[in-house]
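Reading through the structure tokens given below for one structure.
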Amino acid sequence: MIRTRCQACTRRRIKCEGGAPCIYCVKKGFPCVPQAAKNDSSIAFVHKSAPKHRASTLATIPAKVSETQPSLFLRHFFSTFLPRNDFAVGSLDQNTIVCGFQYSPSLYHALCALGALDISKKATKGREAKIAALTSYRASITSVQVDISHSGSKSQDSNLWTTLFLGLFELMSDISGEGWVKHILYGTSKILQTRKPEAYLRGSGRSFFLTARVFEICRSLIYNDISFLFEDQWVSLMGRIWEEDIADWHPKEKLFDLMLSCSELSSEVSSAIEHDESPTELALYEFAARGISLRSDIEMWYLGFQQWTGLETDSRSTLAKLYYHAISIFLSGIFDYRHEFNCISSPALPFGIIQSHVGSILSGADSALRTTSLSGLLYFFPLRVAGARAVLQEQKFSIISILDHLSLDFIVAGAFKEDLAALWEMGTLS
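Here the sequence shown stands for residues 1 to 430, where the numbers follow full-length UniProt numbering.
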């Protein structure tokens, strides 16, 4: 006799779902042990071949018991979605996520939501998966709100991952991207800052911090908003992390620091010029001097980066190259967009060099999409910067083609397309 329930589910007299280990055993931390089969002493004689006229009356036995929806969505998240979306650039601790969803309902539902939503984009019966995704998303939102109101240190770890993954869900389902910003600003960042930086120095906290750091830097650059990461205690944390694990350090970390500095400078310049009717000449010169210093640091970084070994096959280096070209253009834009700096020596770049950076971003992004598993989210910042400086039709066509490809996974790519289309239509040559 075939027994389909494990021992734990049999004792509880409940349905055994999710294969081995089953969902109940995973949630409770029980060993998922199948029932022992009873010995059957009876002997059955079977014909070597059945009569043909009986074939149509035989019941069809499925090859295996079908998976439940949650089990299918979780398996898809870990086996398909995560491998295809390297958004941690090598620093993701998958074991922490696996352990976390077993005791955190909010994280469990967030992972189910992502798995279901990704399936809905590719399945023939996508509507059913989409409904399941939205249901799981709402369940996760409700659960994490309860968790945050009275959470211990263990649940705080899972809450961080939950808010991060809910943000990813927004980027996959909301073209405006506003939901993602809310989750990052009022969810992930707020929870992260309630703990001291020491909580992220090693272990699961370190993995999360390095993952979230990339998103936070891109958010601050795209939305021209100062990040909490520029505060002294968080800057110091990065130095301490790499002191403890220098073997895992990569030059991109220094570039990320420089990108944060550019974000801070951009926000300060915008505030001074847009909110002050007439910033002093001294203030303008000080901004320009800081920009020139940053330009020098970025170019010195690139010289050192080119000497780093093993660059060609490393996705971290591929991303670093894209971001080097993007931040070089971004820094120039802080000054060459504003007439206040027209007669002041600044880090603004000549048109030809900017176009060279644009070409490198487009060729680099195209190559990275074909040769790496970097998440599409990581391309938005460099593509937006390149798009603002695109002047040739072939450049614009290339950018739109890449964004179309990214929109298959992340619908928010449509917002970048609309933004650039409006910019190009106005004839803005940045």
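Where is the CB? At the ideal position from N, CA and C, for every residue including glycine.
Let me check understanding here. Comparing Cα to Cα, which of S189, L265, W308, D118 lies closest to F228?
Nearest of S189, L265, W308, D118 to F228, Cα basis: S189.
Where L260 and H250 are concerned, what is the direct C-alpha to C-alpha distance, given to the nearest angstrom?
Cα-Cα distance, rounded: 17 Å.
Between the alpha carbons of I399 and H357, how many angstroms are there, rounded?
Rounded to whole angstroms, I399 to H357 spans 14 Å at the Cα level.
Closer than 7 Å by C-beta to I144: which residues in its own chain qualify, once you throw out the five before and the five after it? Chain order, please.
Reading off the sequence shown, one finds Val at residue 144, where the question assumed Ile. Around V144: S106, N159, T162, T163.
What residue ranges within the segment 114-186 form continuous alpha helix (DSSP H) runs of no fewer than 4 residues, ordered along the chain?
Those alpha helix (DSSP H) runs which fall completely within the segment 114-186 and span 4+ residues are 126-149, 153-173, 178-182.
Helix, strand or coil for C22? Go by DSSP, reduced to three states.
If DSSP states are grouped into helix, strand and coil, C22 belongs with coil.
If you draw a straight line from the alpha carbon of R202 to that of R290, how long is it in whole angstroms?
Roughly 33 Å between the two C-alpha positions.
Under 8 Å: do the segment 126-140 and the segment 369-389 share three or more Cβ pairs, one atom per stretch?
Short answer: they don't touch.
Report, in whole angstroms, the separation of the C-beta atoms of A388 and L362, which I expect to be a contact under 8 Å.
Actually they do not touch by this definition, with Cβ atoms about 13 Å apart.
If you check the beta carbons only, do L171 and I141 fall under 8 Å apart?
No, these two residues do not count as a Cβ contact at 8 Å.
Using the Cβ count rule (16 or more neighbours within 10 Å means buried), how would you classify R213?
Label assigned to R213: buried.
I'd like the span of the alpha helix (DSSP H) that includes L392, first residue to last.
Counting along the chain, L392 falls outside any alpha helix (DSSP H), and DSSP gives it neither H nor E.
Would A288 and S346 qualify as a contact pair, given that the criterion is a beta-carbon distance under 8 Å?
A contact, by the Cβ cut-off of 8 Å.
For S236, which residues of its own chain have a beta-carbon under 8 Å away from its beta-carbon, when the five flanking residues on both sides are left out?
Cβ neighbours of S236 beyond the five flanking positions: P197.
Can you tell which of L374, E244, C16, A348 has the C-alpha that lies nearest to the C-alpha of R316?
Among L374, E244, C16, A348, the Cα nearest to that of R316 is on L374.
Pairing CB atoms from the segment 113-121 with CB atoms from the segment 69-76, are three or more of them under 8 Å?
As far as the Cβ criterion goes, the segment 113-121 touches the segment 69-76, which means the pair count is three or higher.
Suppose only complete runs of 4+ residues qualify. What are the alpha helix (DSSP H) ranges in the segment 262-315, listed by chain order?
Complete alpha helix (DSSP H) runs here, min 4: 281-306.
Identify the residues that DSSP records as bridge partners of L374: which are they?
For L374, which the question treats as bridged, DSSP gives the partners D86.
Helix, strand or coil: which one does DSSP assign to M426?
M426 falls in the coil class under three-state DSSP.
Under 8 Å, do L114 and F81 count as touching if we go by C-beta distance?
Yes.
Give the range of the alpha helix (DSSP H) segment to which L349 is assigned.
Unbroken run through L349: none, as it is neither H nor E.
Give a yes or no on contact between the segment 268-276 and the segment 318-332, applying the rule of three or more CB pairs nearer than 8 Å.
At 8 Å Cβ cutoff, the stretches do not touch.
Which residue from R84, H109, A413 puts its Cα closest to that of L72?
Closest by alpha carbon: H109.
Are the CB atoms of G100 and D147 nearer to each other than 8 Å?
Result no, Cβ atoms of G100 and D147 do not sit closer than 8 Å.
Output yes or no for whether 8 Å exceeds the beta carbon distance between A320 and F341.
No, the pair does not count as a contact, with Cβ atoms beyond the cut-off.
State the DSSP-derived secondary structure class of R202, mapped to helix, strand or coil.
Note: R202 maps to coil in three-state DSSP.
Can you check whether the CB of W301 is closer than 8 Å to the CB of L349?
Contact: no.
Can you say whether A421 is buried or exposed, counting buried as having 16 or more other CB atoms within 10 angstroms of its CB?
Under this definition A421 is an exposed residue.
When you compare only the Cα positions, how much space is there between S176 and I222?
The straight-line gap from Cα to Cα measures roughly 13 Å.
Please confirm whether L265 and I334 have their CB atoms less than 8 Å apart.
In contact: L265 and I334 (Cβ atoms closer than 8 Å).
Of the residues L168, G126, A247, G427, which one's Cα is nearest the Cα of Q393?
Considering only alpha carbons, the answer is G427.
Output yes or no for whether 8 Å exceeds the beta carbon distance between S207 and L383.
Against a cut-off of 8 Å, the Cβ pair of L383 and S207 comes out as no contact.
By the three-class DSSP mapping on this structure, what secondary structure does P251 have?
In this structure, P251 counts as coil in the three-state DSSP scheme.
Might you give, ordered along the chain, the residues of its own chain that have their beta carbon closer than 6 Å to the beta carbon of W180, omitting 5 neighbours on each side?
If we look at W180 and ignore the five residues flanking it on each side, its Cβ neighbours are G167, E170, L171.
Work out the CA separation of D336 and Q94 for me, nearest whole Å.
Each residue's alpha carbon lies about 43 Å from the other.
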